[in-house]
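Report on one structure; see the data block that follows.
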Amino acid sequence: MKPSKHMPKIGTFDGAKFWKNAYAHQRGKLLKKVNVPDDQIIALVNKKYVELPAALKYEIEISGINKNELQ
-4 MKPSKHMPKI GTFDGAKFWK NAYAHQRGKL LKKVNVPDDQ IIALVNKKYV
46 ELPAALKYEI EISGINKNEL Q
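Counting with my numbering, you get residues -4 to 66 for the letters of the sequence shown.
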């Protein structure tokens, strides 16, 4: 099915690619932008992307965050 010209394109963020190439402080910035509490950020920054909760990955991917905001 072709997207209609009237439907806005949903911008997604490639969370897995970003996560793989990011340093811990960049991951922390990303988690902070999607409103993860600080105590949880500490526990999550060193995990693999696939180990993050599905709801969190979804939130990251639909967040509309630009990679440049996280440098």
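No residue lacks a Cβ here, since even glycine has one placed at the ideal position from N, Cα and C.
G59 places its beta carbon 9 Å or farther from that of F13. In the DSSP annotation of this structure, K62 is not part of any alpha helix (DSSP H), being labelled neither H nor E. Under the three-state reduction of DSSP, L47 is assigned to coil, being neither helix nor strand.
Here K15 is near Y44, since their CB atoms are less than 9 Å apart. About 14 Å separates the beta carbons of G10 and E64, which is beyond the 8 Å limit, so they are not a contact pair.
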